[in-house]
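Residue numbers for the sequence shown, in the working numbering: 97 to 591.
What follows is a short report on a single structure.
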Amino acid sequence: MHSRRLLPGAALALALVVGSVHIGAQPPQPALSFTKLWTFNHTTPGQLSEIPAFDPRTNTLWVAGVVGVDVLNAATGALVTHIDVTAHGAVNSVAIHNGLAAFAVEAPSQSPTTCPSCDRRNPGKVLFYDTDTRLPSGDVSEIGVGSLPDMLTFTHDGRKLLVANEGTPNVAADTPYLPIDPPGSVTIIDVQRREVIETATLNGVPISGANVRLPASTGMDFEPEYIAVSHDNRRAFVTLQEANAVAVLDLVNHEFTDIIGLGVKDFNQLGNEIDPKDDDGIVLFRRVAAKGFYMPDAVATYRWRGETYLVMANEGDFREDNADRAAASTFGATSPLDRLRVSNRDSSPGNLFATGGRSFSIRRADGELVYDSGNILEREAQARLVYDDGRSRDKGVEPEGVALLEINERTYAFIGLERVTKAAVAVFDITDLDAVRFVDMIVTTGDLSPEGLAAYKYRGNHYLAIANEVPAPGLTATHTTLYRLDLVRSADDED
Numbered sequence: 097m098h099s100r101r102l103l104p105g106a107a108l109a110l111a112l113v114v115g116s117v118h119i120g121a122q123p124p125q126p127a128l129s130f131t132k133l134w135t136f137n138h139t140t141p142g143q144l145s146e147i148p149a150f151d152p153r154t155n156t157l158w159v160a161g162v163v164g165v166d167v168l169n170a171a172t173g174a175l176v177t178h179i180d181v182t183a184h185g186a187v188n189s190v191a192i193h194n195g196l197a198a199f200a201v202e203a204p205s206q207s208p209t210t211c212p213s214c215d216r217r218n219p220g221k222v223l224f225y226d227t228d229t230r231l232p233s234g235d236v237s238e239i240g241v242g243s244l245p246d247m248l249t250f251t252h253d254g255r256k257l258l259v260a261n262e263g264t265p266n267v268a269a270d271t272p273y274l275p276i277d278p279p280g281s282v283t284i285i286d287v288q289r290r291e292v293i294e295t296a297t298l299n300g301v302p303i304s305g306a307n308v309r310l311p312a313s314t315g316m317d318f319e320p321e322y323i324a325v326s327h328d329n330r331r332a333f334v335t336l337q338e339a340n341a342v343a344v345l346d347l348v349n350h351e352f353t354d355i356i357g358l359g360v361k362d363f364n365q366l367g368n369e370i371d372p373k374d375d376d377g378i379v380l381f382r383r384v385a386a387k388g389f390y391m392p393d394a395v396a397t398y399r400w401r402g403e404t405y406l407v408m409a410n411e412g413d414f415r416e417d418n419a420d421r422a423a424a425s426t427f428g429a430t431s432p433l434d435r436l437r438v439s440n441r442d443s444s445p446g447n448l449f450a451t452g453g454r455s456f457s458i459r460r461a462d463g464e465l466v467y468d469s470g471n472i473l474e475r476e477a478q479a480r481l482v483y484d485d486g487r488s489r490d491k492g493v494e495p496e497g498v499a500l501l502e503i504n505e506r507t508y509a510f511i512g513l514e515r516v517t518k519a520a521v522a523v524f525d526i527t528d529l530d531a532v533r534f535v536d537m538i539v540t541t542g543d544l545s546p547e548g549l550a551a552y553k554y555r556g557n558h559y560l561a562i563a564n565e566v567p568a569p570g571l572t573a574t575h576t577t578l579y580r581l582d583l584v585r586s587a588d589d590e591d
């Protein structure tokens, strides 16, 4: 199948199929309205709003963020309780299934002078809590997992819990980096027995596809970032962000079977224009001679015409010490590309590689690209005056979070933009892969930097929870905000 992209400036009306070059009008579709219900300020010292999860049993939102998990009344936004996890480490994620909440907790990491054994490279933990009592669940309420568990999710039937152990080292330096780099892995837990089935690693897994950034080029081993599960619970898809790849995990045999490279995006193609300059005081999207590694963060799965597809937020990433990035001028680039941040391991004069696609993509389960949003996210952010020109040189709006929700037999994708001047979430109708369309962008004044999203249905209504990781200017607390989503019926629909 050819890749598909919506034309900027005509996203609501036109579709372009690259290759066959067919342009046609889309039939009118119902619009969505977004009603802000409440915003909660996370005031516990050290608590951030990073990853939300909804519990339908208690109508509560559980929000993970470093020192613990804040449990919120989803109807009112009031704090029910704060669960402190600092005795175990730092919490990175939360997932809920059938009244059971699971926390991904990395090992404590402190100053070597005050705590020599506190090191995030040590094994992490999963903590289990009962959502009714909000107390540790069962006789076994904690399980050891791999290094730096960054994200976790239940299979759809709730029988297994999958934990993405990113395994990031403390020091990012070329020569000593690999010897102290803990292996990235996915821990597979039997939920009923509360025991580890397997910790699957990526050593020796077959590699296919294009532009996989191997450990030799990234300075690190494969680091699982985010997990999505197929509808039949037989496979999981794990983003390897720094490697520009996705790994396929067999949930029957509990092993990785494939690592698939995701290729690169050509910013010199029509529809992929970017603004590469952050120092000229203007926002000007233009075609430039540079490419971007997609490097997705969050991923979600859905089915279309009986086939599994992956929805990916193409954030991009450099190493923590930024030792793998340089200005494009280092490779002889002149204005307007001179300040663009590129990978110094992959770039060369006349052949520049940035990180991130500044978009979201839809791919087949084998990695084939079937849709990319081009530069719609950045153009729509600029149209709403929330595009941050200061980020133009470095990954742009940085799409990070993904959530999918079905409303009246239509499937909507919500894409959180981490780097804009106000919290922004783009909404796309992805019901029909032949006619993906931009719907709207939710912008919340007073919120900043959406990290995680939770879209859910409760008692006939539809909701979107947005966890905002960074305090807005002038504020000290991070926020979680809840929206209700409603279809807007036209007069023709009523007849």
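For glycine and all other residues, C-beta sits at the position ideal for the given N, C-alpha and C.
For THR264, which residues does DSSP report across the bridge?
-> Residue numbering aside, residue 264 sits at position 168 when the sequence shown is read from its first letter. According to DSSP, which records beta bridges pairwise, THR264 is partnered with nothing at all.
Can the beta-carbon of GLU416 be found closer than 9 angstroms to that of GLU514?
-> For the purposes of this step, residue 416 is taken as residue 320 along the sequence shown, with counting starting at 1. For the purposes of this step, residue 514 is taken as residue 418 along the sequence shown, with counting starting at 1. No, the pair does not count as a contact, with Cβ atoms beyond the cut-off.
Who pairs with GLN143 in a beta bridge, going by DSSP?
-> Here residue 143 refers to the residue found at position 47 when the sequence shown is read from its first residue. Its beta-bridge partners are VAL162.
Please name the residue in ARG585, THR314, VAL181, ARG399 whose C-alpha comes closest to that of ARG459.
-> Locating residue 459 in the sequence shown gives position 363, where the first residue counts as 1. That would be ARG399, whose Cα lies nearest to the Cα of ARG459.
Inter-stretch contact (C-beta, 8 angstroms, three-pair minimum) for the region 353-372 and the region 478-489 | yes
Who does ASN169 pair with in a DSSP beta bridge?
-> Stepping through the sequence shown from its first residue, residue 169 is reached at position 73. THR156, per the DSSP bridge assignment.
Rounded Cβ spacing between VAL546 and GLY512 (contact assumed at less than 8 angstroms) = Within the sequence shown, residue 546 is the residue found at index 450, counting from 1. Within the sequence shown, residue 512 is the residue found at index 416, counting from 1. Val is not the amino acid found at residue 546; the sequence shown has Pro there. So it is a contact: roughly 4 angstroms between Cβ atoms.
In terms of residue numbering, what span does the beta strand (DSSP E) encompassing GLU238 cover?
-> Translated into the one-based positions of the sequence shown, residue 238 becomes position 142. First-last of the beta strand (DSSP E) with GLU238: 238-243.
Apart from the five residues on each side of it in sequence, which residues of its chain come closer than 6 angstroms, Cβ to Cβ, to ARG421?
-> The residue given as residue 421 occupies position 325 in the sequence shown. Excluding positions up to five away in sequence, the list reads PHE414, ARG437.
Using only alpha-carbon positions, find the residue among GLU496, VAL532, ALA429, PRO495 that is nearest to THR507.
-> Locating residue 507 in the sequence shown gives position 411, counting from the first residue. If we check each option's Cα against that of THR507, VAL532 comes out closest.
Please report the residue range of the alpha helix (DSSP H) in which ARG475 lies.
-> For the purposes of this step, residue 475 is taken as the residue at position 379 of the sequence shown. Start and end: 472-479.
Going by alpha carbons, who is nearest to ALA198 out of LEU258, HIS350, ASP235?
-> In the sequence shown, counting from the first residue as 1, residue 198 sits at position 102. It is LEU258.
Given a threshold of 16 other Cβ atoms within 10 Å of its Cβ, counted over all protein chains shown, does LEU571 qualify as buried or as exposed?
-> For the purposes of this step, residue 571 is identified with residue 475 of the sequence shown, where counting begins at 1. Classification for LEU571: exposed.
Considering only C-alpha positions, which residue in the set GLU496, PHE524, LEU581 is nearest to TYR552?
-> Residue numbering aside, residue 552 sits at position 456 when the sequence shown is read from its first letter. Considering only alpha carbons, the answer is LEU581.
Through-space distance from ILE179 to VAL282, alpha-carbon basis = If you number the sequence shown from 1, residue 282 lands on position 186. If you number the sequence shown from 1, residue 179 lands on position 83. Each residue's Cα considered, the two are about 25 angstroms apart.
Coarse secondary structure for GLU416, derived from DSSP in three states | In the sequence shown, the residue the question calls residue 416 occupies position 320. Three-state result, GLU416: coil.
MET391 versus VAL162 - alpha carbon distance | As a working note, residue 391 is residue 295 in the sequence shown. As a working note, residue 162 is residue 66 in the sequence shown. Taking the straight line joining both Cα atoms gives about 24 angstroms.
Residue environment, SER129, which counts as buried when at least 16 other CB atoms sit within 10 Å | Stepping through the sequence shown from its first residue, residue 129 is reached at position 33. Flag for SER129 reads exposed.
For THR507, the three-state DSSP class (helix, strand or coil) = Locating residue 507 in the sequence shown gives position 411, where the first residue counts as 1. Note: THR507 maps to strand in three-state DSSP.
Would DSSP call SER189 helix, strand or coil?
-> Translated into positions along the sequence shown, residue 189 becomes position 93. Looking at SER189 - three-state DSSP - the assignment turns out to be strand.
Could you pull out every residue in the same chain whose Cβ sits closer than 7 angstroms to the Cβ of ARG230, ignoring the five residues on either side in sequence?
-> As a position in the sequence shown, residue 230 is number 134, starting the count at 1. Same-chain partners within the cutoff: VAL167, THR177, ILE179.
Which residue from ASP328, GLU338, SER313, SER205 puts its Cα closest to that of TYR322?
-> Here residue 322 corresponds to residue number 226 of the sequence shown, with the count starting at 1. Nearest C-alpha to TYR322: GLU338.
Compare the C-alpha of GLY359 against each of GLY367, PHE352, VAL342 and name the closest.
-> Numbered from 1 along the sequence shown, position 263 holds the residue referred to as residue 359. Selected option, being the one with the closest Cα: VAL342.
If you draw a straight line from the alpha carbon of GLY377 to that of ILE284, how long is it in whole angstroms?
-> By 1-based counting over the sequence shown, the position of residue 377 is 281. By 1-based counting over the sequence shown, the position of residue 284 is 188. Computed Cα separation, rounded: 49 angstroms.
Roughly how far, in whole angstroms, is the beta-carbon of SER455 from the beta-carbon of GLY470, given that I think they are within contact range, below 8 angstroms?
-> Locating residue 455 in the sequence shown gives position 359, where the first residue counts as 1. Locating residue 470 in the sequence shown gives position 374, where the first residue counts as 1. So it is a contact: roughly 6 angstroms between Cβ atoms.
With 16 as the cutoff for other CB atoms within 10 Å, does ASP228 come out buried or exposed?
-> The residue given as residue 228 occupies position 132 in the sequence shown. Per the 10 Å Cβ criterion, exposed.
Continuous beta strand (DSSP E) stretch holding PRO392: start and end | The residue labelled residue 392 in the question sits at position 296 within the sequence shown. Counting along the chain, PRO392 falls outside any beta strand (DSSP E), and DSSP gives it neither H nor E.
So which of ALA191, GLY195, GLY185 has the shortest CA-CA distance to GLU202?
-> Against the sequence shown, residue 202 aligns to sequence position 106. For GLU202, the nearest C-alpha among the options comes from GLY185.
Simplified DSSP state of ARG487, which is helix, strand or coil | As a position in the sequence shown, residue 487 is number 391, starting the count at 1. ARG487: helix per DSSP, three-state reduction.
Nearest-angstrom Cβ-Cβ length linking ASP543 and THR135, presumed shorter than 8 angstroms = As a working mapping, residue 543 is identified with position 447 in the sequence shown. As a working mapping, residue 135 is identified with position 39 in the sequence shown. Their Cβ separation, rounded to whole angstroms, is 7 angstroms, which keeps ASP543 and THR135 in contact under 8 angstroms.
Distance, ASN169 Cα to LEU310 Cα = If you number the sequence shown from 1, residue 310 lands on position 214. If you number the sequence shown from 1, residue 169 lands on position 73. Cα to Cα, the separation comes out at about 44 angstroms.
Cβ neighbour criterion (16 or more within 10 Å) applied to ILE276 = Taking the sequence shown and counting its residues from 1, one reaches residue 276 at position 180. Exposed: under 16 other Cβ atoms inside 10 Å.
How many whole angstroms separate the CB atoms of ARG290 and GLY234, which I take to be in contact at a CB cut-off of 8 angstroms?
-> Taking the first residue of the sequence shown as 1, we reach residue 290 at position 194. Taking the first residue of the sequence shown as 1, we reach residue 234 at position 138. So it is a contact: roughly 6 angstroms between Cβ atoms.
Counting pairs of beta carbons, one from the region 292-299 and one from the region 377-389, are three or more of them closer than 8 angstroms?
-> no
How close, in whole Å, do the beta carbons of ALA509 and VAL584 come, if the pair is a contact with beta carbons under 8 angstroms?
-> Your numbering for residue 509 matches position 413 in the sequence shown. Your numbering for residue 584 matches position 488 in the sequence shown. That belief does not hold up - the Cβ atoms of ALA509 and VAL584 are roughly 18 angstroms apart, past 8 angstroms.
Around the Cβ of ASP253, are there at least 16 other Cβ atoms within 10 angstroms (buried) or fewer (exposed)?
-> Locating residue 253 in the sequence shown gives position 157, counting from the first residue. Classification of ASP253: exposed, given that the 10 Å Cβ count is below 16.
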